[in-house]
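Colleague: Pasting in a structure now, in structure tokens, and then I'll have a few things to ask.
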Amino acid sequence: DQFSCIVVVGINRPKAKNAISKNLVKGMFEAVENIKKNNKVRSVIFCSLVPGVFCAGADLKERAKMHQSEVGPFVSKARAVITELGNLPVPTIAAIDGVALGGGLEIALACDIRIASNTAKMGLVEAKLAIMPGAGGTQRLPRVIGISLAKELIFASRVVDGTEACRLGLVNHSVEQNNSGDAAYLRALELAREINPKGPIAIRMAKLAINQGIEVDLSTGLAIEEACYAQVIPTKDRLEGLAAFKEKRSPHYKGE
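Using the numbering used here, the letters of the sequence shown correspond one by one to residues 317 to 572.
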């Protein structure tokens, strides 16, 4: 059924507050590669299996043991895996039920949609440590909330809760946290179930058109949209959509 096509990627390093280590980066690469290879995936939820934490950012204990010459290449790897996550062809939803700081927020920023609990805490706090966001934060945050607000948050290393993040447009929805601490995850699941029955090729093409179009001028963007639209016209799914409409029934899309 359509719900079997939701992939949930859960970060699980309870002792280290899900901090981004060499191992975690490796695991994320593998997860993203597996999703790319699987045609049945219709949406992906990134969440945490650790209560109260989404991801606390870089593993500073591991970082302190690194030689100066290792830091650059490690950050490049982390940046690369987050870029790969951003390039996934299917809709991605970050469910932020706890703390998402530094690289943790950068993971969420690479997703298409972010949902947070009202008690979640988010911020790009790197400047506190005399470094700067290095896994896409300086590029993705301004694209999401605008340049001036992004500068304020990054320069001041400000941490905002889910309610404030929603007001800033950093997250799509802020939901009241529940007793089991997974309110954002449950809302993400609801959204994935809303997306999944729709035409999967259409959604992949729409995502591509939006992501590429936002980086260029309008007339180039419209040409990109036209090229993407051309790819949905010959699909079996499009004919199924028309038939279902005519027969007043729910369509069954196969991604063909």
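Glycine included, C-beta positions come from ideal geometry on N, C-alpha and C. Quick caveat: nothing in here was measured; it's all calculated off a predicted structure.
1) Taking the alpha carbon of Cys544 as the point to measure from, which residue in Arg379, Leu505 and Ile526 has its own alpha carbon closest?
2) Please state if the CB of Ile519 and the CB of Pro407 are separated by a distance shorter than 9 angstroms.
3) DSSP on Phe319, reduced to helix/strand/coil?
4) So which of Val397, Cys482, Glu468 and Val476 has the shortest CA-CA distance to Gly450?
5) Hey, how far is the Cα of Ala500 from the Cα of Phe362?
6) Quick one: residues in its chain with C-beta nearer than 6 angstroms to the C-beta of Val391, no 5 flanking neighbours on either side, listed in chain order?
7) Entirely within the segment 393-449 and at least 3 residues each: give me those beta strand (DSSP E) ranges in chain order.
8) Tell me, which residues are paired with Gly326 by DSSP?
9) Name the DSSP bridge partner or partners of His489?
10) With burial defined as no fewer than 16 other Cβ atoms inside 10 Å of the residue's Cβ, what is the status of Arg483: buried or exposed?
Modeller: In terms of the structure at hand:
1) Here the question's residue 544 lines up with position 228 in the sequence shown. Of the candidates Arg379, Leu505 and Ile526, the one whose C-alpha sits nearest the C-alpha of Cys544 is Ile526.
2) As a first step, residue 407 must be located in the sequence shown, where it is residue number 91. As a first step, residue 519 must be located in the sequence shown, where it is residue number 203. Pro407 places its beta carbon less than 9 angstroms from that of Ile519.
3) Translated into positions along the sequence shown, residue 319 becomes position 3. Note on Phe319: pLDDT 49, under 50, position unreliable in the model; the coordinate value appears next. Note: Phe319 maps to helix in three-state DSSP.
4) Counting from 1 along the sequence shown, the entry for residue 450 is found at position 134. Selected option, being the one with the closest Cα: Val397.
5) Walking along the sequence shown from the start, residue 500 turns up at place 184. Walking along the sequence shown from the start, residue 362 turns up at place 46. In this structure, the straight-line span from the alpha carbon of Ala500 to that of Phe362 is close to 11 angstroms.
6) Translated into the one-based positions of the sequence shown, residue 391 becomes position 75. So the qualifying residues of the chain are Gly450.
7) Runs found: 408-412, 415-417, 429-433 and 437-439.
8) For this step, residue 326 is matched to residue 10 along the sequence shown. Answer is Cys363.
9) Here residue 489 refers to the residue found at position 173 of the sequence shown. Per DSSP, Ile431.
10) Counting from one through the sequence shown, the residue named residue 483 turns up at place 167. When all chains shown are included, Arg483 counts as exposed.
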